[in-house]
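Asks: Got a structure for you, questions after.
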Amino acid sequence: MKKTVLMISFLFVSCIAFAGGWIGVETGAGFSWTDVRFSGDGKDAGTGTVSAVDFHASVAGAHYFTDSLGLGYSADIIYPVSAKTQDADFYDDFEKNITFKPALSFQFKHDFSRSMSLEAGAGAYFSYQECDLDLFGAIIKAAVMQAGAGADLGFSFEMMDHLLLRAGVKVIVPVFTWLRISYESHSSGVDMSEYGAGVLPYIGLAYSY
Numbered sequence: 423m424k425k426t427v428l429m430i431s432f433l434f435v436s437c438i439a440f441a442g443g444w445i446g447v448e449t450g451a452g453f454s455w456t457d458v459r460f461s462g463d464g465k466d467a468g469t470g471t472v473s474a475v476d477f478h479a480s481v482a483g484a485h486y487f488t489d490s491l492g493l494g495y496s497a498d499i500i501y502p503v504s505a506k507t508q509d510a511d512f513y514d515d516f517e518k519n520i521t522f523k524p525a526l527s528f529q530f531k532h533d534f535s536r537s538m539s540l541e542a543g544a545g546a547y548f549s550y551q552e553c554d555l556d557l558f559g560a561i562i563k564a565a566v567m568q569a570g571a572g573a574d575l576g577f578s579f580e581m582m583d584h585l586l587l588r589a590g591v592k593v594i595v596p597v598f599t600w601l602r603i604s605y606e607s608h609s610s611g612v613d614m615s616e617y618g619a620g621v622l623p624y625i626g627l628a629y630s631y
């Protein structure tokens, strides 16, 4: 048992000691298309397609345990710019507020040269948003929580020692969505589902270590 613990500790320390990574900031515009459905009593209570344009900014980073494999992380703040609803019979207006979206991913890196690298990742995210929902003529406070899958593909350019210019695109796909509404003193969950995808191009600066 002691030998196993020592071996694991040695491997962990070795990975940390010989690994590298980066941490920085990213920003860009995001585009999403989702089919939103409310359901109740075993049937759809409302459906609609929402297309939106968002501005996003994030603190992000990656730590590589080998030359090519690592773990990525990010904390995004997403602010809505515009949204359009088509064929929606469950609300007239949906006022979106800021969404907070942390994410984790497994990362792969390929160095084309000392100054340019390709990075790709796949993982999961969780998002949380509070908003006012005009539901059947009544203003209701809503909290939307979502878990989904994400992937990213980008390039890193070393402009000078320890300073990277990064650019790429992320794709997110919702898997589970939870909606909790509050009206006056009452609060309850609502069956809700979202199907679609979001595309988030980004550009950023990072410090490499």
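Numbering-wise (the numbering used here), the sequence shown opens with residue 423 and increments by one. We put the CB at the ideal spot given by N, CA and C, even for glycine. Here the structure is a predicted model, which means the values were calculated and not measured.
(1) What residue range does the beta strand (DSSP E) around H532 cover?
(2) Which one of I594, L540, P524 and Y605 has the shortest CA to CA distance from S578?
(3) For A441, which of helix, strand or coil comes out of DSSP?
(4) Within 10 angstroms of its Cβ, does K592 collect 16 or more other Cβ (buried), or is it exposed?
(5) Among the candidates A482, S454 and A484, whose CA atom is the shortest distance from the CA of T471?
(6) I'd like the list of long-range same chain contacts for A497, defined as Cβ closer than 7 Å, with 5 residues on each side in sequence excluded.
(7) With DSSP as the reference, please indicate the residues paired to H478 in a beta bridge.
(8) By the three-class DSSP mapping on this structure, what secondary structure does T488 have?
(9) The beta strand (DSSP E) with Y537 in it runs from where to where?
(10) Let's see if you can read the secondary structure: which residues bound the beta strand (DSSP E) around D574?
(11) Answer with yes or no whether the minimum CB distance from L587 to chain B is below 7 Å.
(12) Start and end of the beta strand (DSSP E) containing Y654?
(13) Measure the C-alpha to C-alpha separation of G492 and S504 and round it to an integer number of angstroms.
(14) Take the Cβ of A560 as the centre, count every other Cβ of all protein chains shown within 10 Å, and call the residue buried at 16 or more, exposed below.
(15) Write down the C-beta distance between A569 and F598 rounded to the nearest angstrom, noting that I regard them as a contact closer than 8 Å.
(16) With burial defined as no fewer than 16 other Cβ atoms inside 10 Å of the residue's Cβ, what is the status of T637: buried or exposed?
(17) Quick one: using the 10 Å Cβ neighbour count with 16 as the cut-off for buried, is K531 buried or exposed?
(18) Should Y486 be labelled buried (16 or more other beta-carbon atoms within 10 Å of its own) or exposed?
(19) Going by DSSP in three states, Y631 sits in which element: helix, strand or coil?
(20) Based on Cα-Cα distance, which residue from A564, M538, I625 and S615 lies nearest to Y550?
Replies: Short version:
(1) By one-based count along the sequence shown, residue 532 stands at place 110. First-last of the beta strand (DSSP E) with H532: T521 to D533.
(2) Taking the first residue of the sequence shown as position 1, residue 578 is located at position 156. Closest by alpha carbon: L540.
(3) Position 19 of the sequence shown, counted from the first residue, corresponds to residue 441. Here A441 sits in coil by DSSP.
(4) As a working mapping, residue 592 is identified with position 170 in the sequence shown. Counting Cβ neighbours within 10 Å, K592 comes out buried, since at least 16 surround it.
(5) Position 49 of the sequence shown holds residue 471. If we check each option's Cα against that of T471, S454 comes out closest.
(6) As a working note, residue 497 is residue 75 in the sequence shown. The answer, listed in chain order, is S480, V481 and P524.
(7) Looking up residue 478 in the sequence shown gives position 56. Answer by DSSP bridge pairing, in chain order: G450 and I500.
(8) Along the sequence shown, read from residue 1 onward, the residue named residue 488 stands at position 66. It is coil, neither helix nor strand.
(9) One-based indexing of the sequence shown puts residue 537 at position 115. Per the sequence presented here, residue 537 reads as Ser, with Tyr not at that position. Element bounds for S537: n/a, residue is neither H nor E.
(10) Along the sequence shown, one-based indexing puts residue 574 at 152. Counting along the chain, the beta strand (DSSP E) containing D574 begins and ends at A560 to M582.
(11) Absent from the structure is chain B; it holds one protein chain and no more.
(12) This structure cannot settle anything about residue 654, because the visible part of the chain is limited to 423 through 631.
(13) Start at 1 with the first residue of the sequence shown, and residue 492 comes out as number 70. Start at 1 with the first residue of the sequence shown, and residue 504 comes out as number 82. Roughly 35 Å separates the two Cα atoms.
(14) Along the sequence shown, read from residue 1 onward, the residue named residue 560 stands at position 138. Exposed.
(15) By 1-based counting over the sequence shown, the position of residue 569 is 147. By 1-based counting over the sequence shown, the position of residue 598 is 176. Right, the Cβ-Cβ distance comes to about 5 Å (below 8 Å), so this counts as a contact.
(16) No information on residue 637 is available, as it lies outside the stretch 423 to 631 that the chain covers here.
(17) For this step, residue 531 is matched to residue 109 along the sequence shown. Buried, since its Cβ has 16 or more Cβ neighbours within 10 Å.
(18) Within the sequence shown, residue 486 is the residue found at index 64, counting from 1. Answer is buried; the Cβ neighbour count reaches 16.
(19) In the sequence shown, the residue the question calls residue 631 occupies position 209. Correct three-state label for Y631: coil.
(20) Taking the first residue of the sequence shown as 1, we reach residue 550 at position 128. Among A564, M538, I625 and S615, the Cα nearest to that of Y550 belongs to A564.
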